[in-house]
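Engineer: Per my numbering, the sequence shown starts with residue 103, numbered consecutively.
Yeah, the Cβ is synthetic: ideal placement off N, Cα and C, and Gly gets one too.
Here the structure is a predicted model, which means the values were calculated and not measured.
Handing you this structure, nothing more for now.
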Amino acid sequence: METPKPKLEKYQLVAPDGGWGYVVAAALTLMISVTIIPMSSFGLIFGRFLASIGDETTGTTLANGIFNTCFNITGLAANNLLQKYTYRTVALAGALVFFIGSFATIFVTTLPQMVLSFGVIQGLGMGLMFPAFFTALNSYFDRKLNIVNAVAQAFMVVAGMSFPFVGQFFMEKFGFRGSVALISGLSVHCILAAFTLQPVEWHLIKQKITLEQEELLGLDDGKYVMPKPRASIISLGDRAVSVTTLNKPQAKKSNFLQNLAKSMDLAMFKDPVYVNISLGLSLGFTADVAFISIIPLVLINAGFNSHETAFFMSIFFAADLCARIFLTVISAATKIKNRYYFLTGSALLVIFRTAFVARNDYYWKLATVASVGFLRAFIQTPLPVVISEQYSENFSTAFSLYMVVCGVVCFIFGPLMSFVKKVTQSDVMVVHLLSLAYLTCVATWTIELIIKRLRKKQDRTQGAKK
């Protein structure tokens, strides 16, 4: 009688949902804290220098516009690089490029040099780093991803609240070039953070497969199952977003341009709803990041000193943090679409930004800065989810094309804001231009939603007659 072979246990390798993943989350927080967060004090650091070589508002809007354009376009290309190279390699390349641009900014003496070092080089570096860091975070976490992401964002907002005072201290103690040198030194930490992005394969956890999973997968004894490819939705939270797919099998190798072309399904631009959504999100994103960069300049030109300006900025980010907590609670308790959050925030920002520049007394500015900061979360938090709600099946393509649209809008608005400031000599008119971007989004989205509702009502009426 033949002795039956002992049945071997079967396992699958799953994301650690912790462990080294917490180091990766800390690295992401550090990267953003030494790159994006200092940009919130761009006007405090670079305002006087830009004023000495021309116009601080023109220089700020142009440099930030070019930065965001390079950031978005490079982020799209980074998706394809991540299919060929590891996220640590791409992150290191981006960190090195960003540091080179940051170091070169110490020595700028003209606006074109500033645009090149800050706008182009640092924008390219950031466009490589962001997708790589967020892809790493996404690969290490599954069930705990939302919690870890929320905690990381909380630390980032706290850093944003603190940095205006840090920037003010730097300027008082070390002057313009000394402050830029210190910020450049901080950016070196991006390289150290990138080194911590170890391949997730080193940390996968062996998990026993249940009987139901075994029957579904049809495994032989003693087999391992590698994790399935997962889509990575990469948010800024406070800056641009990128999308990539991990461990995607390819039948044959294709070059970079071919991979880029495959991700660009231009047929989506034939969908008027998609065009309306992507353009509205791009206008909202551009109006948000551009406004943050000129808030210190608007406050200083309104007669407030650097201490008061730093305090206003800290209140702005504190209100932003409170709003993110509020949205987290509301989202858990209700099923309101993220597009309605974005639309509501855009409409209210038109009102409160207009109020912000209407008067220059201290408490009025304090109240309106807090209001604008609170409403900012209604733009940044739901932004990436708006597209995923509408185009979940082809989200990667939809978001990649949105990045292109956003890059073009950023590129247009930078020179446009500079033109408005040059013609009107008024920071208030520049703020109104950004409010007009929100108003355009509100108008086009409202028209679309009204048309949809009328069509549904008409369809129900016709269905009832049949």
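Do Tyr-189 and Leu-306 have their C-beta atoms closer together than 8 angstroms?
Structural biologist: One-based indexing of the sequence shown puts residue 189 at position 87. One-based indexing of the sequence shown puts residue 306 at position 204. Their beta carbons are not under 8 angstroms apart, which means Tyr-189 does not touch Leu-306 by this criterion.
Engineer: Do Val-507 and Val-522 count as a contact pair if the criterion is CB distance below 8 angstroms?
Structural biologist: By one-based count along the sequence shown, residue 522 stands at place 420. By one-based count along the sequence shown, residue 507 stands at place 405. No. Outside cutoff.
Engineer: Grouping DSSP H, G and I as helix and E and B as strand, with all else coil, what is Lys-310?
Structural biologist: Taking the sequence shown and counting its residues from 1, one reaches residue 310 at position 208. Correct three-state label for Lys-310: strand.
Engineer: Excluding the five sequence neighbours on either side, which residues of its own chain have a C-beta within less than 6 angstroms of the C-beta of Lys-554, listed in chain order?
Structural biologist: Stepping through the sequence shown from its first residue, residue 554 is reached at position 452. So the list is empty, once near-sequence residues are dropped.
Engineer: Met-370 to Leu-556, Cα distance in whole Å?
Structural biologist: Position 268 of the sequence shown, counted from the start, is the residue given in the question as residue 370. Position 454 of the sequence shown, counted from the start, is the residue given in the question as residue 556. Computed Cα separation, rounded: 24 angstroms.
Engineer: Classify Leu-230 as helix, strand or coil using the three-state DSSP reduction.
Structural biologist: Sequence index remark: in the sequence shown, residue 230 carries index 128 (1-based). Residue state, collapsed to three classes: helix.
Engineer: Which of helix, strand or coil does DSSP assign to Val-375?
Structural biologist: As a first step, residue 375 is located in the sequence shown; it is residue number 273 there, counting from the start. It is helical.
Engineer: Determine the DSSP secondary structure at Leu-299, reduced to helix, strand or coil.
Structural biologist: On the sequence shown, position 197 is the one that residue 299 refers to. In the structure shown, Leu-299 sits in coil (DSSP, three-state: anything other than H, G, I, E or B).
Engineer: Measuring only the C-alpha atoms, how far is Gly-229 from Lys-310?
Structural biologist: Here residue 229 corresponds to residue number 127 of the sequence shown, with the count starting at 1. Here residue 310 corresponds to residue number 208 of the sequence shown, with the count starting at 1. Looking at the two C-alpha atoms, the distance is approximately 39 angstroms.
Engineer: Within the chosen definition, does the segment 425-438 reach the segment 170-188 through at least 3 CB pairs nearer than 8 angstroms?
Structural biologist: no
Engineer: Counting Cβ pairs closer than 8 angstroms, one from the segment 247-256 and one from the segment 194-209, do we hit at least three?
Structural biologist: no
Engineer: Give the C-beta separation of Ser-502 and Leu-178 to the nearest angstrom, bearing in mind that I take them to be a contact with Cβ-Cβ under 8 angstroms.
Structural biologist: Against the sequence shown, residue 502 aligns to sequence position 400. Against the sequence shown, residue 178 aligns to sequence position 76. Yes, they are in contact, since the Cβ atoms of Ser-502 and Leu-178 sit about 6 angstroms apart, within 8 angstroms.
Engineer: Would Met-263 pass as a contact of Ala-500 if the rule is Cβ separation under 8 angstroms?
Structural biologist: Numbered from its first residue, the sequence shown carries residue 263 at position 161. Numbered from its first residue, the sequence shown carries residue 500 at position 398. Cβ atoms of Met-263 and Ala-500: not closer than 8 angstroms.
Engineer: In whole angstroms, what separates the C-alpha of Glu-491 from that of Ala-117?
Structural biologist: In the sequence shown, counting from the first residue as 1, residue 491 sits at position 389. In the sequence shown, counting from the first residue as 1, residue 117 sits at position 15. Cα to Cα, Glu-491 sits roughly 25 angstroms from Ala-117.
Engineer: Touch check for the segment 372-379 and the segment 116-131: three-plus C-beta pairs under 8 angstroms?
Structural biologist: no
Engineer: If you draw a straight line from the C-alpha of Asp-561 to the C-alpha of Leu-226, how long is it?
Structural biologist: For the purposes of this step, residue 561 is identified with residue 459 of the sequence shown, where counting begins at 1. For the purposes of this step, residue 226 is identified with residue 124 of the sequence shown, where counting begins at 1. Approximately 49 angstroms between the Cα atoms of the pair.
Engineer: Can you check the segment 178-241 for any alpha helix (DSSP H) of at least 4 residues that lies completely inside it and give the ranges in chain order?
Structural biologist: 189-207 and 213-216
Engineer: Run the CB neighbour count on Leu-184, radius 10 Å, all protein chains shown included, and call it buried at 16 or more, exposed below.
Structural biologist: The residue given as residue 184 occupies position 82 in the sequence shown. So Leu-184 ends up on the buried side.
Engineer: For Leu-383 versus Leu-485, is the C-beta spacing smaller than 8 angstroms?
Structural biologist: Here residue 383 is taken as the residue at index 281 of the sequence shown, counted from 1. Here residue 485 is taken as the residue at index 383 of the sequence shown, counted from 1. Contact: yes.
Engineer: Can you grab the Cα-Cα spacing for the pair Asn-181 / Gly-167, in whole Å?
Structural biologist: One-based indexing of the sequence shown puts residue 181 at position 79. One-based indexing of the sequence shown puts residue 167 at position 65. Cα to Cα, the separation comes out at about 22 angstroms.
Engineer: Cα-Cα, which of Leu-218, Thr-207 and Ile-432 is closest to Phe-278?
Structural biologist: The count along the sequence shown starts at 1 and reaches residue 278 at position 176. When only C-alpha atoms are compared, the closest one is Thr-207.
Engineer: Helix, strand or coil for Asn-462 per DSSP?
Structural biologist: For this step, residue 462 is matched to residue 360 along the sequence shown. Correct three-state label for Asn-462: coil.
Engineer: Taking C-alpha atoms, which residue in Arg-478, Tyr-465 and Ile-417 lies nearest to Thr-446?
Structural biologist: What you label residue 446 is simply residue 344 of the sequence shown in a count that begins at 1. Of the candidates Arg-478, Tyr-465 and Ile-417, the one whose C-alpha sits nearest the C-alpha of Thr-446 is Arg-478.
Engineer: For Ala-449, I'd like the list of residues in its chain whose CB is within less than 8 angstroms of its CB, leaving aside the five on either flank, ordered along the chain.
Structural biologist: Numbered from 1 along the sequence shown, position 347 holds the residue referred to as residue 449. Result list for Ala-449: Tyr-540 and Val-544, in chain order.
Engineer: Using CA atoms only, rank isn't needed, just tell me which of Pro-233, Lys-186, Phe-232 and Phe-169 is closest to Ser-204.
Structural biologist: Reading the sequence shown from its first residue, position 102 is the one you call residue 204. Checking every option, the nearest Cα to that of Ser-204 belongs to Phe-169.
Engineer: For the alpha helix (DSSP H) holding Tyr-124, just list the boundary residues, first then last.
Structural biologist: Taking the sequence shown and counting its residues from 1, one reaches residue 124 at position 22. Run containing Tyr-124: 122-135, per the alpha helix (DSSP H) assignment.
Engineer: Could you tell me the distance, in whole angstroms, from the CA atom of Ser-289 to the CA atom of Phe-272?
Structural biologist: By 1-based counting over the sequence shown, the position of residue 289 is 187. By 1-based counting over the sequence shown, the position of residue 272 is 170. Taking the straight line from one Cα to the other gives about 15 angstroms.
Engineer: Give me the Cα-Cα distance between Val-327 and Ala-238, rounded to the nearest whole angstrom.
Structural biologist: Taking the first residue of the sequence shown as 1, we reach residue 327 at position 225. Taking the first residue of the sequence shown as 1, we reach residue 238 at position 136. Interpretation of Val-327 is limited by its pLDDT of 45, a score under 50 that renders its predicted location unreliable; no figure is taken from the coordinates.
Engineer: Apart from the five residues just before and just after Leu-468, which ones in its own chain have a Cβ nearer than 8 angstroms to its Cβ?
Structural biologist: By one-based count along the sequence shown, residue 468 stands at place 366. Within the same chain, Leu-468 has close Cβ partners Phe-414 and Ile-417.
Engineer: Taking its Cβ as the centre, do 16 or more other Cβ atoms sit within 10 Å of Val-431, making it buried, or is it exposed?
Structural biologist: Your numbering for residue 431 matches position 329 in the sequence shown. Burial is judged here by how many other beta carbons sit within 10 angstroms of a residue's own beta carbon; Val-431 has fewer than 16 and is exposed.
Engineer: What did DSSP end up calling Ser-73 once you bin it into helix, strand or coil?
Structural biologist: Since the first residue of the chain shown is 103 and the last is 568, residue 73 is not available in this structure.
Engineer: How would you write the range of the alpha helix (DSSP H) that Asp-422 sits in, first residue to last?
Structural biologist: Start at 1 with the first residue of the sequence shown, and residue 422 comes out as number 320. Asp-422 -> alpha helix (DSSP H) spans 408-435.
Engineer: Can you give me the C-alpha to C-alpha distance between Lys-524 and Gln-564, rounded to a whole angstrom?
Structural biologist: For the purposes of this step, residue 524 is taken as residue 422 along the sequence shown, with counting starting at 1. For the purposes of this step, residue 564 is taken as residue 462 along the sequence shown, with counting starting at 1. Rounded to the nearest whole angstrom, the CA to CA distance from Lys-524 to Gln-564 is 56 angstroms.
Engineer: Between Asn-403 and Asp-529, how many whole angstroms is the CB-CB distance? I'm expecting something under 8 angstroms.
Structural biologist: Stepping through the sequence shown from its first residue, residue 403 is reached at position 301. Stepping through the sequence shown from its first residue, residue 529 is reached at position 427. Distance from Asn-403 to Asp-529 at the Cβ level is roughly 6 angstroms; contact confirmed, criterion being Cβ atoms closer than 8 angstroms.
Engineer: Roughly how many whole angstroms lie between the Cα atoms of Thr-191 and Val-511?
Structural biologist: Working through the sequence shown from its first residue, we reach residue 191 at position 89. Working through the sequence shown from its first residue, we reach residue 511 at position 409. Taking the straight line joining both Cα atoms gives about 30 angstroms.
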